[in-house]
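Beneath this line is the structure, given in structure tokens, with notes to follow.
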């Protein structure tokens with residue numbers, strides 16, 4: 049299991065797969081390339097999905113929450129933040145009032161009907177990026 | 002001394018770029034390339050709050066605690082050192 053991320057556009061399609069060297073079963077390292085992709089796609093971006101190990105219902109780490117807040121502050125927009133395990137997926141959005149107050153959104157924003165969720169899980173199991 | 006359109010940089014100095022609230026701009030004054038991260042964030046925060054970064058209009062509270070600093074030496078395309086203050090992007 050290797051944590052992996054993908055940027056999702058407003059239509060629910062993948063924009064950019066992020067499977068960098070140095071990712072592990074516990075973390076995806078800081079990456080200027082990911083920030084540049086976020087900035088490049090900022091006008092068409094719905095959110096970012098990433099994986100956690102295991103198969104249970106995921107919850108965000110402290111690292112996740114501080115990254116959510118930082119990216120939203122940089123882009124000036126609120127995003128959807130999906131976290132997927134091998135069997136579950138949740139979608140989080142900022143609910144406030146605090147900077148790091150993110151809550152699960154019941155809509156899930158189409159994740160379970162999407163094609164990207166299966167591909168994200170495949171990449172998280174060590175698969176190669178086949179499309180961008 | 003290295004000059005671009007808006008700045009004259011002495012040896013060891015760099016231009017600082019920040020992205021904040023979907024906007025992007027450079028600090029008016031060069032800074033030491035090896036300035037400490039905490040100092041850089043402090044200078045940028047102060048400039049954002051004061052509205053002193055051309056092209057960036059800060060709304061609300063400015064807090065760069067979850068931002069990181071990237072430093073790049075001169076290149077053939079950009080013959081002066083650059084420092085970028087940007088959001089961090091790791092997941093855990």
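Protein chains in written order, with the working numbering: chain A, 49 to 180; chain B, 2 to 93.
We treat Cβ as the ideally placed atom computed from N, Cα and C, and that holds for glycine.
Quick caveat: nothing in here was measured; it's all calculated off a predicted structure.
Run of the beta strand (DSSP E) containing residue i, from where it starts to where it stops
{"i": "residue 96 of chain A", "result": "93-99"}
{"i": "residue 17 of chain B", "result": "14-21"}
{"i": "residue 63 of chain A", "result": "62-66"}
Residues that residue i bridges to, as DSSP identifies them
{"i": "residue 83 of chain B", "result": "B:16, B:73"}
{"i": "residue 71 of chain A", "result": "Answer is none; residue 71 of chain A lacks a bridge partner."}
{"i": "residue 3 of chain B", "result": "B:10"}
{"i": "residue 240 of chain A", "result": "Beyond the ends of chain A as shown, which are 49 and 180, falls residue 240 of chain A; an answer cannot be given."}
{"i": "residue 33 of chain B", "result": "B:14"}
{"i": "residue 174 of chain A", "result": "Beta-bridge pairing links residue 174 of chain A to no other residue."}
Residues that residue i contacts on chain A, provided the C-beta gap is smaller than 7 Å
{"i": "residue 56 of chain B", "result": "Result: empty, since nearest Cβ-Cβ is about 13 Å, beyond 7 Å."}
{"i": "residue 27 of chain B", "result": "Within chain A, no residue comes near residue 27 of chain B; the closest Cβ sits about 16 Å away, beyond 7 Å."}
{"i": "residue 69 of chain B", "result": "78"}
Range of the contiguous alpha helix (DSSP H) that encloses residue i
{"i": "residue 54 of chain A", "result": "Residue 54 of chain A -> not in any alpha helix (DSSP H); beta strand (DSSP E) instead, spanning 53-57."}
{"i": "residue 27 of chain B", "result": "Premise fails: residue 27 of chain B lies in the beta strand (DSSP E), 24-27, not in any alpha helix (DSSP H)."}
{"i": "residue 158 of chain A", "result": "That residue, residue 158 of chain A, is in no alpha helix (DSSP H); it is neither H nor E in DSSP."}
{"i": "residue 42 of chain B", "result": "38-51"}
Within chain B, partners of residue i - CB distance below 8 Å
{"i": "residue 77 of chain A", "result": "91"}
{"i": "residue 125 of chain A", "result": "23"}
{"i": "residue 117 of chain A", "result": "67"}
Where residue i meets chain B, residues with beta-carbon distance less than 7 Å
{"i": "residue 122 of chain A", "result": "20, 21, 87, 88"}
{"i": "residue 133 of chain A", "result": "Within chain B, no residue comes near residue 133 of chain A; the closest Cβ sits about 13 Å away, beyond 7 Å."}
Contact test: residue i Cβ vs the ligand NAP heavy atom, cutoff 7 Å
{"i": "residue 49 of chain A", "result": "The ligand NAP is absent from the structure shown, which contains no ligand whatsoever."}
Neighbourhood of residue i by C-beta distance below 6 Å, restricted to the same chain and skipping five residues each side
{"i": "residue 73 of chain A", "result": "49, 101"}
Neighbourhood of residue i by C-beta, 8 Å cutoff - its chain only, sequence neighbours within 5 removed
{"i": "residue 133 of chain A", "result": "99, 100, 101, 102, 103, 104, 105, 106"}
{"i": "residue 139 of chain A", "result": "95, 128, 129, 130, 152, 153, 155, 156, 157, 159"}
{"i": "residue 113 of chain A", "result": "148, 150"}
Per-residue contacts from residue i into chain B (C-beta, under 9 Å)
{"i": "residue 109 of chain A", "result": "92, 93"}
Cutoff 7 Å; reference residue i; Cβ partners in own chain excluding five residues on either side
{"i": "residue 172 of chain A", "result": "49, 50, 51, 52, 99"}
Residue ranges of each beta strand (DSSP E) within the stretch 104-149 of chain A, 3 or longer: 128-132, 137-142
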